[in-house]
Amino acid sequence: MYAMAPPHHPTSTDVVLALRGHRQHRPSIDPNLAGGLRAWLEDDLSEVARSLEPSSPLLLSPRSVANGPLIAVPSVLGLARAALVNCLVAQRLIFHDVTHPMDDALSALEAQPEQADLVDAIHGLDQASFARLSAEVAAHDEVLARHLSRVPTTWLPRTNVRKSISLAGGRIIVNAVASVEFGTPSITTASISLLDITTSNLDAATSSRLGVIALIETLRSGAAPLRCASLSTATGEIKVCDVDDVVLSDAVRLVVDAARIQGGIS
Amino acid sequence: MNVRYPSAALPFARSLTDLLFDQEAPLPRRIDPALRKVLGQRMARLAPDRTNGSISLDSFTVTKVLGGELATATPFTWSPRAARRILGLAATQRLVGGVASTPTEAVRAEIEDVIQRANERLARSGSLGHWLAEAPPGVLAVVIAEAVTYDTELVIGLEWDRVIDGGASLGTADALWAVPGAPWVSLKGRRDLVIGSTADVPRTLLAVRGGRPSTSSTADLAHVALVDGLTHPDRPHAQRVVGYWPAAGRAIGLDVDGETLKFAARNAVTALEQFSAPSRSLHAA
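Below is the structure:
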């Protein structure tokens with residue numbers, strides 16, 4: 075079900091090639107699968123939905139489903155690192171080159187009004203912390219350079235793709251953001267590939283998170299994606315998940331369990 | 010109000026395109042001149058003093074104010090998010106017109122053109138072209154990435170051969186109706202695709218939105234229909250407005266009739282009342 079990357083250091087574009095695979099090995103799409111998964115979810119969520127109102131829905135994400143809700147607020151440095159590296163993902167995909175990782179990423183962040191608080195916090199760092207952050211961002215960018223170079227534009231690479239599904243009449247919302255997405259929707263053959271890029275280490279819950287991302291995409295588009303992968307820019311580790319019925323049904327169970335726990339009925 | 014949904018039994022792009030061309034919608038009529046007159050009079054009476062600046066009420070502002078939120082007075086600045094729709098729509102035009110082969114190529118070509126117009130002094134100061142011309146590589150990359158994502162979602166969401174054959178106009182300027190007697194107040198209808206741009210062909214509008222549909226989505230789509238009707242008094246109003254939420258993979262079609270337009274007009278007046286209240290002298294960009 076899950077194919078771990080080989081233990082040696084991956085070569086350039088390993089994660090992208092692993093995601094796309096060979097065209098002739100792509101599975102067919104079951105046109106009834108998405109409807110069946112949604113019906114299963116709706117049935118199993120009906121109990122928890124009774125205690126929720128559409129005006130204040132329960133919000134879930136792949137991370138909160140797989141790891142539980144956050145118990146501590148991430149540090150400013152952690153948030154800044156993630157946001158800065160996220161900007162570099164776009165630059166790597168578009169220009170295939172980054173000369174000054176920290177300068178480029180910070181300028182990109184400064185151009186986004188919704189990140190104003192984080193930008194202020196970064197500028198408020200003392201000299202030593204700022205230097206440490208810059209060095210970390212450069213190190214994370216080296217991992218991106220190994221994996222995101224020269225993706226053909228014909229694969230339709232797109233970044234920060236937001237996904238949102240509404241369940242139980244809007245009482246439960248599951249949101250996700252795919253760091254990178256490739257491929258076009260097909261009605262016959264699975265062709266969408268999703269890449270989750272994290273500045274954290276991969277952990278035991280990574281496979282579960284990928285399964286939930288695959289489930290969200292299946293319910294959103296009506297077709298299961300081909301593969302999902304996670305890339306840690308902290309370690310260079312990658313995990314690739316071939317999406318199949320087992321992965322998706324496991325994800326349904328995880329979403330139901332998380333909704334029950336976070337909805338307060340379990 | 011009559012709301013329609015795409016068929017779940019068909020591929021999404023086909024069912025969304027069907028929703029645009031479905032012929033079962035009621036025959037369209039022109040917007041009632043009496044509604045137009047009353048709306049103009051009421052809005053002119055409610056308009057805040059001109060010295061407070063201009064007010065542009067789009068669907069987002071109207072539904073936000075009706076939902077009890079204050080419109081915030083944030084001055085407009087260019088950002089990757091502010092540029093994504095303009096560049097994304099222009100890139101989609103290039104793609105469907107066959108002058109670019111991928112969304113990334115289309116967006117990059119569009120940006121080159123926009124920058125060139127600015128460099129040749131064909132664009133006013135503060136324009137998108139000037140901002141992009143001075144943008145460092147990091148900013149430019151995020152701008153391109155945002156527009157590519159927007160463009161790709163629009164391109165894969167529709168069956169474009171049918172849309173083009175249907176005589177669609179893409180990326181035309183948003184409809185803007187200035188209130189007679191108080192032209193510093195205007196209604197803005199944000200839609201991305203217009204089918205039936207000539208007087209003889211029934212109009213259908215497509216509005217691409219972020220997030221997922223909500224309880225205020227019909228008010229959003231009705232507002233788009235109202236502004237479109239107000240700006241084209243000489244032709245029938247849109248017969249349907251289709252909202253498309255790529256992030257959710259959802260779409261809704263709102264059939265437009267006299268009641269729909271009255272509903273939207275009441276919402277616009279109520280929203281302006283909130284703006285005009287002494288404690289809320291805030292202006293939308």
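Residue numbers (our numbering), protein chains in the order written: chain A, 75 to 340; chain B, 10 to 294.
The C-beta atom is built at its ideal place from N, Cα and C for all residues, glycine as well.
Report task. May I have a chain-ordered list of the alpha helix (DSSP H) segments no shorter than 4 residues that lie completely inside the region 220 to 278 of chain B? Result -> 226 to 240
Query raised in the report: Within 8 Å (strictly less), CB to CB, does isoleucine 165 of chain B reach chain A?
Result: Position 156 of the second sequence, counted from the first residue, corresponds to residue 165 of chain B. At least one chain A Cβ lies under 8 Å of isoleucine 165 of chain B.
Query - Below-8 Å beta-carbon distance, threonine 269 of chain B vs any chain A residue - result: Translated into the one-based positions of the second sequence, residue 269 of chain B becomes position 260. Output row for threonine 269 of chain B: interface = no.
Requested in this report: Please list the partners that isoleucine 181 of chain A has in chain B, where partner means a Cβ-to-Cβ separation under 7 Å.
Outcome: Residue mapping note: residue 181 of chain A aligns to position 107 of the first sequence, counting from 1. Note on identity: in this sequence residue 181 of chain A is serine, with isoleucine being the wrong assignment. Going along chain B in sequence order, the residues near serine 181 of chain A (Cβ under 7 Å) are Pro145, Gly147, Val148.
**Report entry** DSSP-derived helix/strand/coil call for aspartate 277 of chain A
**Finding:** The count along the first sequence starts at 1 and reaches residue 277 of chain A at position 203. Reduced to three states, the DSSP call for aspartate 277 of chain A is coil.
Query raised in the report: Along the region 294 to 310 of chain A, what residues have a CB closer than 7 Å to any CB found in chain B?
Result: Arg294, Ser295, Gly296
Query raised in the report: Excluding five sequence neighbours on each side, which residues of the same chain lie with their C-beta closer than 8 Å to the C-beta of asparagine 128 of chain B?
Result: For this step, residue 128 of chain B is matched to residue 119 along the second sequence. Around asparagine 128 of chain B: Gly138, Ala142.
Report task. Can you give me the Cβ contacts of isoleucine 124 of chain B inside the same chain, cut-off strictly under 8 Å, excluding the 5 residues immediately before and after it? Result -> If you number the second sequence from 1, residue 124 of chain B lands on position 115. Same-chain partners within the cutoff: Gly138, Leu141, Ala142.
Query raised in the report: Which same chain residues, not among the five before or five after aspartate 41 of chain B, have their C-beta less than 8 Å away from its C-beta?
Result: Within the second sequence, numbered from 1, the residue matching residue 41 of chain B stands at position 32. Excluding positions up to five away in sequence, the list reads Gly267, Leu270.
Query raised in the report: Where DSSP assigns a beta bridge to cysteine 302 of chain A, which residues make up the other side?
Result: In the first sequence, counting from the first residue as 1, residue 302 of chain A sits at position 228. Looking at the DSSP assignment, cysteine 302 of chain A forms a beta bridge with A:Leu268, A:Cys315.
Query - Same chain only: Cβ atoms within 7 Å of tryptophan 87 of chain B, ignoring 5 sequence neighbours per side - result: Working through the second sequence from its first residue, we reach residue 87 of chain B at position 78. Once the five neighbours on either side are set aside, the close Cβ partners of tryptophan 87 of chain B are Leu137, Trp140.
Query - 8 Å Cβ cutoff, glycine 187 of chain A in contact with chain B - result: Along the first sequence, read from residue 1 onward, the residue named residue 187 of chain A stands at position 113. Per the sequence shown, the amino acid found at residue 187 of chain A is proline instead of glycine. Chain B contact via Cβ: present.
Query raised in the report: Who are the neighbours of proline 20 of chain B on chain A, taking C-beta pairs under 8 Å?
Result: Residue numbering aside, residue 20 of chain B sits at position 11 when the second sequence is read from its first letter. Ordered by position in chain A, the residues that pass the 8 Å Cβ test against proline 20 of chain B are Pro259, Ile261, Gly296.
Requested in this report: Kindly say whether glutamate 129 of chain B, judged by its beta-carbon, lies nearer than 8 Å to any beta-carbon of chain D.
Outcome: The chain inventory of the structure shown lacks chain D, comprising the protein chains A and B.
Query raised in the report: Between the region 244 to 270 of chain B and chain A, which residues of the former have a C-beta closer than 9 Å to a C-beta of the latter?
Result: Trp254, Pro255, Ala256, Ala257, Gly258, Arg259
Requested in this report: Select from B:Pro255, B:Asn276, B:Pro211 the residue whose C-alpha is nearest the C-alpha of aspartate 31 of chain B.
Outcome: One-based indexing of the second sequence puts residue 31 of chain B at position 22. Nearest option by C-alpha distance: B:Pro211.
Requested in this report: Output yes if chain B places a C-beta closer than 8 Å to the C-beta of glycine 110 of chain A; else output no.
Outcome: Numbered from its first residue, the first sequence carries residue 110 of chain A at position 36. Glycine 110 of chain A does not count as touching chain B.
Query raised in the report: Does the Cβ-Cβ distance between leucine 98 of chain B and leucine 179 of chain B come in under 8 Å?
Result: The residue given as residue 98 of chain B occupies position 89 in the second sequence. The residue given as residue 179 of chain B occupies position 170 in the second sequence. Yes, the pair counts as a contact, with Cβ atoms nearer than the cut-off.
Query - Contacting residues, own chain, Cβ-Cβ under 6 Å from lysine 197 of chain B (five flanking each side not counted) - result: Position 188 of the second sequence, counting from 1, holds the residue named residue 197 of chain B. If we look at lysine 197 of chain B and ignore the five residues flanking it on each side, its Cβ neighbours are Ser65, Asp67, Asp183, Leu185.
Requested in this report: Taking a Cβ distance cut-off of 7 Å, strictly less, list which residues of the region 47 to 75 of chain B are near chain A, in chain order.
Outcome: none
Query raised in the report: Between the region 92 to 112 of chain A and the region 298 to 316 of chain A, are three or more C-beta pairs nearer than 8 Å?
Result: yes
Requested in this report: Could you tell me whether the region 200 to 208 of chain A touches the region 131 to 149 of chain A, where touching means 3 or more Cβ pairs closer than 8 Å?
Outcome: no
Query - Cα-Cα separation between isoleucine 339 of chain A and valine 122 of chain A, rounded to whole angstroms - result: Reading the first sequence from its first residue, position 265 is the one you call residue 339 of chain A. Reading the first sequence from its first residue, position 48 is the one you call residue 122 of chain A. Isoleucine 339 of chain A and valine 122 of chain A: Cα-Cα distance of roughly 7 Å.
Report task. Quick one: using the 10 Å Cβ neighbour count with 16 as the cut-off for buried, is proline 299 of chain A buried or exposed? Result -> Residue numbering aside, residue 299 of chain A sits at position 225 when the first sequence is read from its first letter. Flag for proline 299 of chain A reads buried.
Query - Nonlocal neighbours in the same chain, by C-beta distance under 8 Å from arginine 100 of chain A, ignoring five residues either side - result: As a working note, residue 100 of chain A is residue 26 in the first sequence. Excluding positions up to five away in sequence, the list reads Thr263, Ala264, Ser265, Leu300.
Query raised in the report: Of all Cβ atoms in chain B, is any one closer than 8 Å to the Cβ of valine 235 of chain A?
Result: In the first sequence, the residue the question calls residue 235 of chain A occupies position 161. Interface residue, yes.
Query raised in the report: Along chain A, which residues have their Cβ under 7 Å away from the Cβ of serine 88 of chain B?
Result: Here the question's residue 88 of chain B lines up with position 79 in the second sequence. Here the neighbours are Ala185, Gln186, Pro187.
Query raised in the report: Would the region 107 to 124 of chain B and the region 146 to 166 of chain B be scored as touching if the rule is three or more Cβ pairs under 8 Å?
Result: yes
Report task. Measure the alpha-carbon distance for valine 194 of chain B versus glutamine 283 of chain B and round it to whole angstroms. Result -> Residue 194 of chain B sits at position 185 when you count from the first residue of the second sequence. Residue 283 of chain B sits at position 274 when you count from the first residue of the second sequence. Rounded to the nearest angstrom, the two C-alpha atoms are 14 Å apart.
Report task. Please report the Cβ distance between aspartate 270 of chain A and leucine 284 of chain A, rounded to the nearest whole angstrom; I am assuming they are in contact, meaning their Cβ atoms lie under 8 Å. Result -> By one-based count along the first sequence, residue 270 of chain A stands at place 196. By one-based count along the first sequence, residue 284 of chain A stands at place 210. The Cβ separation is near 7 Å, so the contact holds.
**Report entry** Reduced DSSP secondary structure (H/G/I, E/B, other) of glycine 198 of chain B
**Finding:** If you number the second sequence from 1, residue 198 of chain B lands on position 189. Glycine 198 of chain B falls in the strand class under three-state DSSP.
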